[in-house]
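In the UniProt record's numbering, the protein residues as written are 1 to 296.
Where a beta carbon is used, it is the ideal one built from N, C-alpha and C, also for glycine.
Read through the structure below, which is laid out as structure tokens, and then see the notes.
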């Protein structure tokens, strides 16, 4: 099953183990915890103080198929996360996304994770037709009943993103897009807490939905799609934007080895425009017709 695994797949598993991206990785591991993780997995590896992601990737490169499988199943084990359902769900979602290109998937047999073969479906002709994303004007934030002052901030950021794009400041533009999307989603959730907290995608702690301040952008995107605030195409591209947004940290950009160009920036901007207008349409159709249970 593991005779040949693409180096990119192994590097993504290494990133998962290090846990720098809290939106995709349940646990952050410093040097000592990397050593502990491998030793708990039955792998004799001690971190040497070098950069964590490349070192972890080198450890995985040296493993035989059996040991690599042990590591992956350890990452999926509920025991590793103390039974925390939100962490287990995030681990399963991210690992299966990584492993899909290898024709592999993790499934649970009770509390025990198992690695099975599954042929990925990349025949996009079978997927529902998606709308064409086109440039859109900003929604009228003032008329959406958001928290006082947030509408002005969102509109200001919308204009600032466009200014960054026009001046080819692509990294700044992408970071601003992510922050604007997160701000709009947070404002919508605060107006609709009952709807947001009752979803299956809402992050939980001790069986209750976490406070909104503890939600990640990943959580917000998943919930927004589940309740119908954003459409499927916007959800998919929003996750891609979220990854680019994380390059606000210079070392994260170094790890990703990426620099968004103008084309990437323009595509991301269409996604944010569509997301904001999707959310605004939902608010106008539901809240202002008396269908919002959180505002009577």
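Whose C-beta lies closer than 7 Å to the C-beta of residue 323 among residues of the same chain, with five residues either side of it excluded? This structure gives no information on residue 323, because the portion of the chain shown stretches from 1 to 296.
Complete alpha helix (DSSP H) runs within the region 80-114 (minimum length 4 residues, chain order): With a minimum length of 4 residues, the continuous alpha helix (DSSP H) runs that stay inside the region 80-114 are 85-99.
Contact belief for residue 178 with residue 217 at Cβ below 8 Å, rounded distance in angstroms: Sequence index remark: in the chain shown, residue 178 carries index 178 (1-based). Sequence index remark: in the chain shown, residue 217 carries index 217 (1-based). The pair is a contact, with the Cβ atoms about 7 Å apart (cut-off 8 Å).
Under the three-state reduction of DSSP, which class applies to residue 205: helix, strand or coil? Numbered from its first residue, the chain shown carries residue 205 at position 205. Residue 205: strand per DSSP, three-state reduction.
Mind checking whether residue 268 and residue 171 have CB atoms under 7 Å apart? Within the chain shown, numbered from 1, the residue matching residue 268 stands at position 268. Within the chain shown, numbered from 1, the residue matching residue 171 stands at position 171. Not closer than 7 Å, so no.
Beta-bridge pairing of residue 117 - partner residues as DSSP gives them: Translated into positions along the chain shown, residue 117 becomes position 117. Note: residue 117 sits in a beta bridge opposite 104.
Would you kindly report the start and end of the unbroken alpha helix (DSSP H) that includes residue 193? Position 193 of the chain shown, counted from the start, is the residue given in the question as residue 193. Segment 193-197, the alpha helix (DSSP H) holding residue 193.
Note down the Cα distance separating residue 234 from residue 119, rounded to an integer number of angstroms. For the purposes of this step, residue 234 is taken as residue 234 along the chain shown, with counting starting at 1. For the purposes of this step, residue 119 is taken as residue 119 along the chain shown, with counting starting at 1. So the two alpha carbons sit approximately 26 Å from each other.
Does the Cβ of residue 46 have 16 or more other Cβ atoms within 10 Å, making it buried, or fewer, making it exposed? Counted from its first residue, the chain shown places residue 46 at position 46. Within 10 angstroms of the beta-carbon of residue 46 lie fewer than 16 other beta-carbons, which makes it exposed.
Can you tell which of 162, 185, 11 and 176 has its C-alpha closest to the C-alpha of residue 147? The residue labelled residue 147 in the question sits at position 147 within the chain shown. The residue with the shortest Cα to Cα distance from residue 147 is 185.
To the nearest whole angstrom, what separates the beta carbons of residue 92 and residue 104, a pair I think is in contact under 8 Å? Here residue 92 refers to the residue found at position 92 of the chain shown. Here residue 104 refers to the residue found at position 104 of the chain shown. Taking the Cβ atoms as the reference, residue 92 lies roughly 13 Å from residue 104, outside the contact range of under 8 Å.
C-alpha gap between residue 48 and residue 13, whole angstroms: Locating residue 48 in the chain shown gives position 48, counting from the first residue. Locating residue 13 in the chain shown gives position 13, counting from the first residue. Taking the straight line joining both Cα atoms gives about 19 Å.
Residues of its chain near residue 76, where Cβ-Cβ distance is below 7 Å and the 5 sequence neighbours each way are ignored: Counting from 1 along the chain shown, the entry for residue 76 is found at position 76. If we look at residue 76 and ignore the five residues flanking it on each side, its Cβ neighbours are 91, 92, 95, 106 and 113.
Would you kindly work out how many angstroms separate the C-alpha atoms of residue 227 and residue 50, rounded to a whole number? By one-based count along the chain shown, residue 227 stands at place 227. By one-based count along the chain shown, residue 50 stands at place 50. Approximately 44 Å between the Cα atoms of the pair.
For my contact list, residue 241 and residue 181 are in at a C-beta cut-off of 8 Å; report their separation, rounded to the angstrom. Along the chain shown, read from residue 1 onward, the residue named residue 241 stands at position 241. Along the chain shown, read from residue 1 onward, the residue named residue 181 stands at position 181. Between residue 241 and residue 181, the beta carbon gap of about 7 Å places them in contact (Cβ cut-off 8 Å).
I'd like the list of long-range same chain contacts for residue 73, defined as Cβ closer than 7 Å, with 5 residues on each side in sequence excluded. As a working note, residue 73 is residue 73 in the chain shown. The residues are 113 and 115.
Kindly indicate which three-state DSSP category residue 215 falls into: helix, strand or coil? Here residue 215 refers to the residue found at position 215 when the chain shown is read from its first residue. Here DSSP, grouped into helix, strand and coil, assigns residue 215 to coil.
Member of 102, 138, 137 and 168 whose CA lies at the smallest distance from the CA of residue 9: Within the chain shown, residue 9 is the residue found at index 9, counting from 1. The candidate whose alpha carbon is nearest that of residue 9 is 102.
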